[in-house]
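Using the numbering used here, read the sequence shown as starting at 42 and increasing by one per residue.
Where a beta carbon is used, it is the ideal one built from N, C-alpha and C, also for glycine.
Inspection log for the structure reproduced underneath, given as structure tokens.
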Amino acid sequence: MATNASRPLEGRHILLGITGSIAAYKAAMLCRLLKREGAEVQVVMTALAKQFITPLTMATLSRRPILVEFFDPENGQWNSHVSLGEWADLMLIAPATANTLAKMTAGVADNLLLTTYLSARCPVMVAPAMDLDMYAHYTTQRNLKELREHGVGIIEPGSGELASGLEGKGRMAEPEEIVAQLKAHFSEKKKSLTGKHFVVTAGATIEPIDPVRFLSNHSSGKMGYAVAEELARRGARVTLVSGRTALPVPAGVERVDVLSAAEMYEATTQAFSEADGAVMAAAVADYTPQTVASEKLKKSDDDLSIALKRTQDIAATLGRNKAGKLLIGFAMETNDEEAHAEEKLTKKNFDFIVLNSLRDEGAGFRGDTNKVTLIDRNGKESLPLMSKHEVALHIVDKIETLL
Ligand code: CTP
């Protein structure tokens, strides 16, 4: 459908599922904001949700009757979950309780909202809302991970004061934030990379010493995963060559799992041969043990030295065989940052390099934030401290200008 770029929700059919959480009161504002953006909203509530916000409120705001039961007990009229799923351009469950998330992963179909979810062919997003311990519970985290792996968009809850009086993560994202995520989902921009294929390397490599020990580094993979996710969101085919990380596969991304630098070299060079570009975010070991012991090394009273040999430089190899493809590198430095990054930009034939300094607070390995400078042959752009997700948006925006 033709959409107005500045109003990506105009005319969209949003199925708003409301479950039984105190955060259901925020669904009223959410519905209003969606309507204001021009969306059509059909509300489906669970029976418990009615205790938190009245159907009358939601019907008035959405200007449509609310659906709760499989059929109307008065006249027997059937509420078809199949046609609801077909009608919707997107199903948004907000708030989504721990109970509903668990039922979604288990395929339980004991209310209209869940049967609609099971038969929906459209994208589905959930905005979890619960107490901090319920949110942190391994079952909830496992369910969210599973939903994410199956392409359900998770709108992360915020931290703050909870209805229980406790402080922590579990508070449903604010309606404005949810609407912003829906707009991003529908915006024309996200499909701007359709037909392009990118390789992204991410995470830490593992260099075995013997069957139980290895050399590695602190990379969490978050930055590379955020870039892969954003490229896919804008329609690109993405091959994510991933070293060790604890992260789930981002929606729409093909992941190739590797361990050592040598394995990453093989997988990346192969994928690059049929790609339009690569983003090299992995922390690749520069050295690997000369020999890998086939049996566990036993200790002795003497000190031990392990002889190391150089690994192949994946980025430099791609840079030599670029043939007009895009190549983006990363540099993590502790001193003379820009000089080192510029040297790598030239040496590895990158189109631009993303520099982060370990001297900057909030930048670098494990955290969710980063502070980077994008450097190309024409100059540099220093960005303020922001989430790795936002850094990924800037990187992919710059990639688009170079295509
Ligand atoms: N890189 C790679 N293959 C390697 C080593 C690094 O693809 N074997 C990539 C990284 O993914 C990153 C860039 O090259 O994009 C980093 O450059 P590099 O000079 O290797 O950084 P460091 O390993 O930190 O180098 P140095 O130790 O010299 O600072």
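Item checked: Contacts around A43, its chain only, beta-carbon distance under 8 Å, and the 5 residues preceding and following it disregarded -> Confidence in A43 is poor, its pLDDT being 48 and thus under 50, which makes the residue's placement unreliable; the coordinate value appears in the next sentence. Taken in chain order, the list of residues that qualify is empty.
Notebook entry, point to check: Under the three-state reduction of DSSP, which class applies to M305: helix, strand or coil?
Noted result: Under the three-state reduction of DSSP, M305 is assigned to helix.
Margin query: Please state the DSSP three-state secondary structure of A43.
Written below: Low local confidence applies: a pLDDT of 48 at A43 is under 50, so the model's placement there is unreliable, and no value is given.
Notebook entry, point to check: Buried or exposed: which applies to A147, given that a residue is buried once 16 or more other Cβ atoms fall within 10 Å of its Cβ?
Noted result: So A147 ends up on the exposed side.
Note to self: Less than 8 Å between the beta carbons of N397 and V413, yes or no?
What the structure shows: Yes. Within cutoff.
Next item on the list: Give the DSSP bridge partners of Q222, in chain order.
Entry: Q222 pairs with nothing; no bridge assigned.
Notebook entry, point to check: DSSP on D298, reduced to helix/strand/coil?
Noted result: In this structure, D298 counts as strand in the three-state DSSP scheme.
Notebook entry, point to check: Under the rule that 16 or more other beta-carbon atoms within 10 Å means buried, what is E378, buried or exposed?
Noted result: Around the CB of E378, 16 or more other CB atoms lie within 10 Å, so the residue is classed as buried.
Check: Could you check where the beta strand (DSSP E) with A335 kicks off and where it finishes?
Finding: In the sequence under discussion, the amino acid at residue 335 is Ser, which differs from the Ala named in the question. S335 -> no beta strand (DSSP E), and no H or E assigned at all.
Check: Between the beta-carbon of I55 and the beta-carbon of D130, is there less than 8 Å?
Finding: By the CB criterion at 8 Å, I55 and D130 fall inside the cutoff.
Item checked: Q353 beta carbon near the ligand CTP (any heavy atom closer than 7 Å) -> True, at least one ligand heavy atom lies under 7 Å from that Cβ.
Notebook entry, point to check: Should Q83 and R105 be called a contact, given that it needs their Cβ atoms to be closer than 8 Å?
Noted result: Contact flag set, yes.
Next item on the list: Please report how far the alpha carbon of A322 lies from the alpha carbon of R274, in whole angstroms.
Entry: Roughly 18 Å separates the two Cα atoms.
Notebook entry, point to check: CB-CB under 6 Å to T267, same chain, minus the five flanking residues each way: which ones, in chain order?
Noted result: Sequence check: residue 267 is Ala here, not Thr. Cβ neighbours of A267 within its own chain (closer than 6 Å, five residues either side excluded): K429, H430 and A433.
Item checked: Neighbourhood of D327 by C-beta distance below 7 Å, restricted to the same chain and skipping five residues each side -> If we look at D327 and ignore the five residues flanking it on each side, its Cβ neighbours are R351 and T352.
Check: Roughly how many angstroms lie between the CA atoms of I355 and V241, to the nearest whole one?
Finding: The straight-line gap from Cα to Cα measures roughly 12 Å.
Check: Which term fits N116, buried or exposed, when burial requires 16 or more other beta carbons within 10 angstroms of its beta carbon?
Finding: Exposed, by the Cβ-count rule.
Note to self: Cutting at 6 Å between CB atoms, please list the residues of its own chain near G194, excluding the five before and the five after it.
What the structure shows: Taken in chain order, the residues that qualify are M166.
Margin query: One question on the structure: do A177 and R212 come within less than 8 Å of each other, judged by their Cβ atoms?
Written below: It is not a contact, given that the beta carbons lie outside the stated cut-off.
Check: So what's M321 in DSSP terms, helix, strand or just coil?
Finding: The answer is strand: DSSP assigns M321 an E or B state.
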